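When the letters of the sequence shown are read in order and numbered with this note's numbering, they come out as residues 7 to 364.
Beta carbons: idealized from backbone N, C-alpha and C, even for Gly.
The structure displayed is predicted, hence computed values, not measured ones.
Quick notes on the structure that follows.
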Amino acid sequence: MEKTYYEILGVPESATTEEIKRAYRELAMRHHPDKNPGDTSANDRFREIRQAFEVLVDPARRQKYDNYLKMKREGRLPHMQSSKSAEAVSANGGTSQKVPVQRPGFPPRRGKDVDYELTISFKESYFGTEKTIKVSVPGPCRVCNGTGYDLSSFVVCPTCFGAGYVIQTVQTASGVQNKTITCPTCRGMGGNYLRKCARCKGTATDMYLEKIKVKIPAGVENGAIIKLTNKGGYGYFGGPRGDLNLKMKVEKDEEFWRVGNNLHTKIVISFVKAILGGRAKVKTLKGVETIPVPEFSTLGTELIVEGEGFPDPVTGERGDLIVEVNIDIPENLSDKEIEIIEKFAEMAGIDPMDPEVL
């Protein structure tokens with residue numbers, strides 16, 4: 007709870023002007039920054055003492071301040087109201103009226119969006135997975151509640167005395183009207199803070215470690231963004247939380263790769279099977295499957311297994327598994343095998359020594 011100007015000067019509320027001046031002189035000499043070299047808080051104390059003196063030594067401003075104290079003790083100040091309808095201190099005599107406004111000193115503010123890169127395996131991107139992650143998100147400072155200031159250093163505004171609003175008298179054609187405006191001195195803050203928060207150094211922010219369970223859908227692509235609503239930074243002064251944006255990083259796999267929603271891999275078959283055709287086993291992300299190999303398959307022939315690719319994250323429709331054929335050429339053949347191949351070349355009219363022949 008902030009001190010009153012009387013408490014700052016150490017005088018009773020019934021003190022005379024001379025008593026106020028005398029108290030000010032004593033305190034000003036004791037706390038003047040020049041008298042306290044190396045004391046970083048001396049300047050703040052001196053400003054606090056001077057502001058209290060400037061209000062209490064002026065009869066008109068002192069009367070307004072006394073009215074403010076009375077209203078505060080009776081619980082009739084705007085920042086002490088729970089509803090949007092609040093009272094404002096009048097700038098022309100200390101009267102008050104109901105106004106349908108909220109004190110704007112610290113309006114609600116949405117928390118920041120947070121970006122987080124989440125790494126998953128290639129296989130996890132195919133099947134989907136569930137992860138528990140730990141992420142640091144920003145939020146209001148635990149000490150100053152997001153204001154950025156040392157709350158004990160608050161000094162009441164000498165114009166509105168904490169209301170944040172004043173009543174401006176306006177002369178119109180129809181007569182005199184009272185208009186509620188934001189206090190021009192404190193801009194609706196109701197006062198001023200002399201010191202920054204020691205914990206956050208005025209940033210108003212703390213970091214909070216969150217443990218969040220995340221469901222990753224099957225078919226998610228590398229670089230995709232998964233938005234988790236209201237899982238980002240905490241809001242300020244009642245504002246909503248921001249969002250947590252997960253940027254997916256899918257690790258590469260040694261045997262498989264992705265093109266669109268199609269899953270690609272390679273298979274090695276013998277040159278005999280490439281010519282005659284047959285069946286071959288192929289490793290997939292689900293296990294091992296046996297697929298047909300057409301006759302006269304060449305290097306790079308693509309064998310398609312429908313519906314074995316990635317599911318589309320939006321439609322759910324699956325791509326295909328595309329198996330690229332590589333042909334194994336044996337390095338060692340028996341004399342009999344070489345003789346058979348030479349006969350085949352002769353029958354086909356192929357001269358291996360002719361550069362014009364494939």
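Spatial distance of residue i from residue j (CA atoms)
| i | j | result |
| --- | --- | --- |
| residue 136 | residue 126 | 10 Å |
| residue 132 | residue 241 | 36 Å |
| residue 353 | residue 285 | 27 Å |
| residue 221 | residue 260 | 25 Å |
| residue 68 | residue 62 | 5 Å |
| residue 247 | residue 73 | 40 Å |
| residue 238 | residue 124 | 15 Å |
| residue 56 | residue 71 | 15 Å |
| residue 350 | residue 275 | 20 Å |
| residue 87 | residue 227 | Note that residue 87 has pLDDT 36, beneath the 50 cutoff, so the model's placement of it is unreliable and the number below is only indicative. Each residue's alpha carbon lies about 52 Å from the other. |
| residue 66 | residue 58 | 14 Å |
| residue 13 | residue 177 | 39 Å |
| residue 16 | residue 29 | 7 Å |
Per-residue DSSP class, three states only, for residue i
| i | result |
| --- | --- |
| residue 14 | helix |
| residue 310 | strand |
| residue 3 | This structure cannot settle anything about residue 3, because the visible part of the chain is limited to 7 through 364. |
| residue 213 | strand |
| residue 53 | helix |
| residue 345 | helix |
| residue 73 | helix |
| residue 305 | coil |
| residue 40 | helix |
| residue 19 | coil |
| residue 354 | helix |
| residue 149 | coil |
| residue 281 | helix |
Among the options, the one whose alpha carbon lies nearest that of residue i
| i | options | result |
| --- | --- | --- |
| residue 112 | 251, 200, 245, 69 | 245 |
| residue 75 | 186, 19, 34 | 19 |
| residue 49 | 33, 62, 61 | 33 |
| residue 167 | 348, 154, 10, 320 | 10 |
| residue 60 | 164, 180, 276, 205 | 164 |
| residue 317 | 69, 224, 208, 337 | 224 |
| residue 201 | 235, 170, 306, 153 | 153 |
| residue 77 | 169, 25, 36 | 169 |
| residue 231 | 120, 347, 64, 361 | 120 |
| residue 323 | 344, 283, 347, 266 | 266 |
| residue 279 | 307, 325, 258 | 307 |
| residue 233 | 249, 243, 219 | 249 |
Continuous beta strand (DSSP E) stretch holding residue i: start and end
| i | result |
| --- | --- |
| residue 286 | 284–290 |
| residue 262 | Run containing residue 262: none; DSSP gives neither H nor E here. |
| residue 129 | Not the beta strand (DSSP E): residue 129 falls in the alpha helix (DSSP H), residues 128–133. |
| residue 253 | 250–256 |
| residue 233 | 231–234 |
| residue 184 | 181–188 |
Segment limits, alpha helix (DSSP H) that includes residue i
| i | result |
| --- | --- |
| residue 26 | 23–37 |
| residue 199 | Looking at the DSSP string, residue 199 is not in any alpha helix (DSSP H); the run it does join, the beta strand (DSSP E), is 197–199. |
| residue 326 | Counting along the chain, residue 326 falls outside any alpha helix (DSSP H), and DSSP gives it neither H nor E. |
C-beta neighbour in chain C for residue i, strict 7 Å
| i | result |
| --- | --- |
| residue 178 | The chain inventory of the structure shown lacks chain C, comprising one protein chain alone. |
**Cβ contact (3+ pairs, closer than 8 Å) linking the region 282–299 and the region 194–208** = no
**Item:** the region 136–147 in contact with the region 211–227 per 3-pair CB rule at 8 Å
**Value:** yes
**Prompt:** Would you say the region 310–318 touches the region 246–253, given that touching needs at least three Cβ pairs under 8 Å?
**Reply:** no
**Prompt:** Are at least three pairs of beta-carbons, each pair with one atom in the region 156–164 and one in the region 280–294, less than 8 Å apart?
**Reply:** no
**the region 145–154 touching the region 199–214, judged by at least three CB pairs closer than 8 Å** = yes
**Asked** Should the region 340–359 be regarded as contacting the region 298–306, the criterion being three or more beta carbon pairs within less than 8 Å?
**Response** no
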